[in-house]
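Report on the following structure.
Residue numbers (the numbering used here), protein chains in the order written: chain E, 21 to 152; chain G, 288 to 432.
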């Protein structure tokens, strides 16, 4: 799914349009369902991320949901809130929720919130593949 | 050394959050603000603007939201960047917001507070005042690079 940026958001003279686009893809890695997210996450588009996470969380076949954050270079507190909500919901259903390939800046935000210990974080797919 | 300054007004709407970031990033990069400093300022400004939209205007009707605006002024002198946001919503003093308690937040016993905490953590100084019915939030960042 793709959130196209309204034209009026692009008329500020910058070609850095990625600030308002989010691209979410789903793939499988063994028993893990991977949600690959590309783009910045802020209040404007966090609904897209929440929707994608909760669609997976509510799928009974998904036992392990992994958010691949390689493409997220920027995330504000609303994005952090979406991840927290996803993890709480997934865990309440007995599933596994983890983060993968997290950018250093975003990890700093999680550390500031002392959430780096709350989430299970993997830094490579090979690390994740070892998890049964 | 002369002060560099930009000013722009934005609507009171969540759709304006990405516009604010694009505008700010474009200008800060032109001023030579880089890497971590750039990220910190963008995120602090995003949180401040989000607070205005979500809290200062939470009781406002559509007419007020449509007629009001968020005025963003950014100044740079030497290694200091000053970000000023002005709005005419309900007063909202970041200092009145207690620091988040993640245990309580995660247990669902408390909501919010994280945005203000981020602003305070990422910037060197936050000041707020309400003057002539306007909220004025000033954030200072001393650049490291």
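Note that beta-carbon positions come from the ideal geometry of N, C-alpha and C, so glycine has one too.
Residue i, DSSP secondary structure in three states
i                      : result
residue 147 of chain E : helix
residue 326 of chain G : helix
residue 46 of chain E  : strand
residue 422 of chain G : strand
residue 137 of chain E : coil
residue 126 of chain E : helix
residue 313 of chain G : helix
residue 64 of chain E  : coil
residue 361 of chain G : strand
residue 308 of chain G : helix
residue 431 of chain G : coil
residue 378 of chain G : coil
residue 337 of chain G : helix
residue 71 of chain E  : helix
residue 52 of chain E  : strand
Residue i burial status per 10 Å Cβ neighbour count (16 or more: buried)
i                      : result
residue 143 of chain E : exposed
residue 422 of chain G : buried
residue 296 of chain G : exposed
residue 319 of chain G : exposed
residue 348 of chain G : exposed
residue 119 of chain E : buried
Beta-carbon neighbours of residue i, restricted to chain E and to distances below 7 angstroms
i                      : result
residue 440 of chain G : In the structure as shown, chain G starts at 288 and stops at 432, and residue 440 of chain G therefore has no counterpart that could be examined.
residue 359 of chain G : None at all; the shortest Cβ gap to chain E is about 12 angstroms.
residue 430 of chain G : Residues of chain E passing the Cβ test: none, with the nearest at roughly 16 angstroms.
Under 8 angstroms by beta carbon: chain G residues contacting residue i
i                      : result
residue 100 of chain E : 401
Beta-carbon proximity list for residue i, same chain, < 8 angstroms, skipping 5 on both sides
i                      : result
residue 290 of chain G : 362, 363, 364
residue 106 of chain E : 70, 73, 74, 77, 85, 87, 117
residue 61 of chain E  : 42, 69, 92, 94, 95, 96, 98, 99, 102
residue 346 of chain G : 377
residue 162 of chain E : In the structure as shown, chain E starts at 21 and stops at 152, and residue 162 of chain E therefore has no counterpart that could be examined.
Partner residues on chain G for residue i, Cβ-Cβ distance less than 9 angstroms
i                     : result
residue 58 of chain E : Here the premise fails: no neighbours, minimum Cβ distance about 15 angstroms.
Contact set between residue i and chain G, taken where Cβ atoms lie within less than 7 angstroms
i                      : result
residue 130 of chain E : Those do not exist, as residue 130 of chain E stays about 11 angstroms from chain G at its closest Cβ, beyond 7 angstroms.
residue 72 of chain E  : Going along chain G, no residue has its Cβ under 7 angstroms from residue 72 of chain E, so there is no contact; the nearest lies around 18 angstroms.
Neighbour list for residue i in chain E, Cβ cutoff strictly below 8 angstroms
i                      : result
residue 415 of chain G : Within 8 angstroms Cβ-Cβ: nothing; residue 415 of chain G doesn't reach chain E, min ~18 angstroms.
residue 329 of chain G : 94
residue 408 of chain G : 132
Close-in-space but distant-in-sequence residues of the same chain around residue i (CB under 6 angstroms, 5 per side omitted)
i                      : result
residue 145 of chain E : none
residue 370 of chain G : 332, 361, 426
residue 26 of chain E  : Any answer about residue 26 of chain E is weak, because its pLDDT of 42 lies below 50 and its placement is not dependable; what the coordinates show is given next. No residues qualify anywhere along the chain.
residue 457 of chain G : The structure shown does not extend to residue 457 of chain G, since chain G is modelled only from 288 to 432, so the question has no answer here.
residue 373 of chain G : 358, 421, 423
residue 334 of chain G : 402, 405, 406
residue 301 of chain G : 340
residue 56 of chain E  : 45, 88
Chain-order list of residues whose beta-carbon lies under 7 angstroms from that of residue i (same chain, five-residue window excluded)
i                      : result
residue 133 of chain E : 100
residue 382 of chain G : 415
residue 329 of chain G : 308, 311, 312
residue 122 of chain E : 89, 141
C-beta neighbour in chain C for residue i, strict 8 angstroms
i                     : result
residue 61 of chain E : Among the chains of the structure shown, chain C does not appear; the protein chains present are E and G.
Residue i Cβ short of 7 angstroms to the ligand ZN heavy atom set
i                      : result
residue 420 of chain G : This structure lacks the ligand ZN, and indeed carries no ligand of any kind.
Q) Along the region 301-326 of chain G, what residues have a CB closer than 7 angstroms to any CB found in chain E? A) So the close ones are 301, 302, 304, 305, 306, 308, 309, 310, 312, 313, 326.
Q: Anything in the region 110-126 of chain E with a Cβ closer than 7 angstroms to a Cβ of chain G? List those residues in chain order, please.
A: Within the region 110-126 of chain E, the residues whose Cβ lies closer than 7 angstroms to some Cβ of chain G are 125, listed in chain order.
Q: Taking a Cβ distance cut-off of 8 angstroms, strictly less, list which residues of the region 335-347 of chain G are near chain E, in chain order.
A: If the cut-off is 8 angstroms between Cβ atoms, the region 335-347 of chain G has 337, 340, 341 near chain E.
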